[in-house]
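Numbering (the numbering used here), first residue to last: 778 to 1166. Report on one structure; see the data block that follows.
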Amino acid sequence: MKTALWLYMFLFLAFFDLHAQYPVLTPFAISLGAAPAFIGWMMGIYALTHLPGNLIAGGLIDRHGSRRYIIFSLTAAGIILLLQAHVQLPWQLLVLRSISGFVLAFLSPACLALLASLSKDPVTQGKYMSGHGLVHTLASVLSPAAGAFIVANTGFSGTFQSLGWLLIFTGIMAFLSLPRQATETVGKKEAKAQPNQGTTRLPFSLRLYLFPFVIACSQGILFFEIPLRDSGQASIMSTGLLFSVISLGALVTLSMLFLNRYPPRARVAAGVFGLAISFYLLAAADHLPLTVTLFVLGLSKGLLFPALSSLFIELSGGTRLGRVFSLQSIAMSLGSFVGPIAAGQLRTIVSPYFIAFLMLMTVLLLLPHQKRVEPSATLAPETTPVSPL
778 MKTALWLYMF
788 LFLAFFDLHA
798 QYPVLTPFAI
808 SLGAAPAFIG
818 WMMGIYALTH
828 LPGNLIAGGL
838 IDRHGSRRYI
848 IFSLTAAGII
858 LLLQAHVQLP
868 WQLLVLRSIS
878 GFVLAFLSPA
888 CLALLASLSK
898 DPVTQGKYMS
908 GHGLVHTLAS
918 VLSPAAGAFI
928 VANTGFSGTF
938 QSLGWLLIFT
948 GIMAFLSLPR
958 QATETVGKKE
968 AKAQPNQGTT
978 RLPFSLRLYL
988 FPFVIACSQG
998 ILFFEIPLRD
1008 SGQASIMSTG
1018 LLFSVISLGA
1028 LVTLSMLFLN
1038 RYPPRARVAA
1048 GVFGLAISFY
1058 LLAAADHLPL
1068 TVTLFVLGLS
1078 KGLLFPALSS
1088 LFIELSGGTR
1098 LGRVFSLQSI
1108 AMSLGSFVGP
1118 IAAGQLRTIV
1128 SPYFIAFLML
1138 MTVLLLLPHQ
1148 KRVEPSATLA
1158 PETTPVSPL
C-alpha cells in the first residue's frame, strides 16, 4: 500500500503537469503562426511518436519492472518542456512534441503494470485502477485552469519552464522513493509467467483494442475542438475551465467506489454509450449549455477508464501486464493521432463531434461479439487450474 501511495502522488504531479498544457498549447501554436491544420498535426504527432515507445516499453517493463521507466519518462519529459520554453517557430514545437510523445510513452504502461502487480486479488486490482483514475482526474480538475492562470501571469515561456521543473522534481522523487526490489520482483514474476511466449501473444482477441483506439480518437477530437470554438477567439481561461468541468464529472463517478462491484464489461458498455450520447449532444444540441454536456461526458469518462483497465486485467489473467497495457497505450496513441488530424481536415465538411459519435456507437455494437473472447478464460479449467495472479 505504501508503494501505491507514493505512486499516486507521483502520478498526481505528472498528470497535473501534463494536463496543464491542454489549454495552452493551441494558443501558443497560434502565437507562433501555426494554422489549424498544422495544430492538428502537432497534437497528432505527439500521439504517433508514442508508438515506438509503447512497442519498446511492453517487453522491457515485463523484464525489468516499472521503476526505471517511470523515472526516465518523468525526467526526460521535464527537460523537453524546458527546451519548449524557448521555441520560436512552429516546426520547433512540432519536433519537441514528437520527442515528448516518445519519452512519455513509457509512463502509462509502467504505472498501470506496477499498480496491477501490487495485489493478487481482482477486486483490489480494480480498486487500484479506480485509484489511478481518481488521481488522474483530481489532477486534471485543477490543472487546466491552473495552466491558464500561470500563462496569464508568466507567459508561455514561464509556464513551460515551471511545468518542466515540476516534472524533473517528480522524477527525482520517484528515484528516491520507489522501492527498487519491488519492481525487480515484478519483472521476474512476469518473465516466469510467460515462458516461450511471443512478444505480443495475449489470451484474448486484439480486437478488444478497438475500444481504447476509438475512445482516444474521440478524446483527441474533443481536445482539438474546444480551444477552437468561437472561431478560435475563446479565451484561454474559459477553455481551461471547460476542461476542468469534464474532470469534475469524471471525479463524481470515480468517487462511487461501489461501481467496482459491477462487471467491467458492463461498465465499459455504459461508459462508451455515455460518451457517444455526449458527443451527439455536442454536435446537434446547440441549445444545451456546453458545461452541462461536458459534465455528462466527464461522468462517462470516470466510469469507463478504470473499467477498461480492469477488463484487460481480467481477460489477461494477470500475466504479461507490461504488454497488455503497452498495447492499450499503442491503441490510444493511434486514436489520439487520428482524432485531431481528422478533426482538422474535416471540420469544414462535417462536425468532428458527429464523427466521434458514429465511431463510439459502432464500437459499442461490437461489444456483445467481444464476449466470445471469454472462452480463453472459461476453457482454462479443462487444461490448467484457474488461479489468482
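Don't be surprised by glycine CBs; every beta carbon is placed ideally from N, CA and C. Treat the numbers as computed from the prediction; the structure is a model and nothing was measured.
- request: Verify whether the separation of the beta carbon atoms of L851 and L884 is less than 8 Å.
  value: Reading the sequence shown from its first residue, position 74 is the one you call residue 851. Reading the sequence shown from its first residue, position 107 is the one you call residue 884. Yes, they are a contact pair.
query: Can you tell me where the alpha helix (DSSP H) with L858 in it begins and where it stops?
result: In the sequence shown, counting from the first residue as 1, residue 858 sits at position 81. It spans R844 to Q861 - the alpha helix (DSSP H) in which L858 sits, taken as one unbroken run.
task: Return the chain-ordered list of same chain residues with a C-beta closer than 8 Å to the C-beta of I822, the five sequence neighbours on each side being excluded.
output: As a working note, residue 822 is residue 45 in the sequence shown. These residues qualify, in order along the chain: L871, R874, S875, G878 and F1114.
- prompt: Once you ignore the five residues that flank L943 on each side, which residues in its own chain have a CB closer than 8 Å to its CB?
  reply: Working through the sequence shown from its first residue, we reach residue 943 at position 166. If we look at L943 and ignore the five residues flanking it on each side, its Cβ neighbours are L790, F793, D794 and G855.
query: Nearest-angstrom Cα distance between A1119 and M1033?
result: As a first step, residue 1119 must be located in the sequence shown, where it is residue number 342. As a first step, residue 1033 must be located in the sequence shown, where it is residue number 256. Cα to Cα, A1119 sits roughly 35 Å from M1033.
query: How many Å lie between M1014 and G924 at the Cα?
result: Numbered from its first residue, the sequence shown carries residue 1014 at position 237. Numbered from its first residue, the sequence shown carries residue 924 at position 147. Roughly 9 Å between the two C-alpha positions.
- request: Specify, as a first and last residue, the run of the alpha helix (DSSP H) that P1083 falls within.
  value: As a first step, residue 1083 is located in the sequence shown; it is residue number 306 there, counting from the start. L1067 to S1093 is the span of the alpha helix (DSSP H), which, as asked, contains P1083.
task: Mark V1127 as exposed unless 16 or more other C-beta atoms lie within 10 angstroms of its C-beta, in which case mark it buried.
output: The sequence position of residue 1127 within the sequence shown is 350, counting from 1. By the 10 Å Cβ count, V1127 comes out exposed.
message: Which same chain residues end up closer than 7 Å to L1028 when comparing Cβ atoms and leaving out the 5 residues on each side of it in sequence?
response: If you number the sequence shown from 1, residue 1028 lands on position 251. Hits under 7 Å: T914, L915, V918 and G1079.
query: Do the CB positions of G1112 and F990 come within less than 8 Å of each other?
result: Here residue 1112 refers to the residue found at position 335 when the sequence shown is read from its first residue. Here residue 990 refers to the residue found at position 213 when the sequence shown is read from its first residue. The answer is yes: Cβ separation under 8 Å.
- prompt: Do you know how far the Cα of V880 is from the Cα of S1106?
  reply: Sequence index remark: in the sequence shown, residue 1106 carries index 329 (1-based). Sequence index remark: in the sequence shown, residue 880 carries index 103 (1-based). Each residue's alpha carbon lies about 13 Å from the other.
DSSP state of L955 mapped onto helix, strand, coil: Taking the first residue of the sequence shown as position 1, residue 955 is located at position 178. The answer is coil: DSSP assigns L955 none of H, G, I, E or B.
query: Helix, strand or coil: which one does DSSP assign to S1181?
result: Not covered by the structure: residue 1181. The range shown for the chain is 778 to 1166.
- prompt: Counting pairs of beta carbons, one from the region 990-1005 and one from the region 1031-1047, are three or more of them closer than 8 Å?
  reply: no
Coarse secondary structure for P1040, derived from DSSP in three states: Counting from 1 along the sequence shown, the entry for residue 1040 is found at position 263. Three-state result, P1040: coil.
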